Amino acid sequence: MVVAVREPSTDGRTGCGTRFASLVRASPQSILGVAMADLAFVVTVLAAFALVALVARGVTKL
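So our numbering is basically just the index in the sequence shown, starting at one, shifted up by 226.
Below you can see the structure in the form of structure tokens.
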């Protein structure tokens, strides 16, 4: 079953002028939160690699 669209859901504009872009602008607090999440991820990955390196070093001593 095919249903025709009677009116467009958007006004056809694209880019930064759209209403969606104006609704989701980032505040400084949210940018800081994302930066802290990125930093936490990097620190966690580095800690995981350090743990793997210590385990590998311990295995080679056996």
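Using N, Cα and C, we set each Cβ at its ideal position, and we do this for glycine too.
A quick note: this is a predicted structure, and the numbers were derived from the prediction, not measured.
- In the DSSP annotation of this structure, the continuous segment of the alpha helix (DSSP H) that includes Arg283 starts and ends at 254-287.
- A straight line joining the alpha-carbon of Gln255 with that of Met262 spans about 11 Å.
- Inter-residue distance for Val271 and Lys287 is about 25 Å (C-alpha atoms, whole angstroms).
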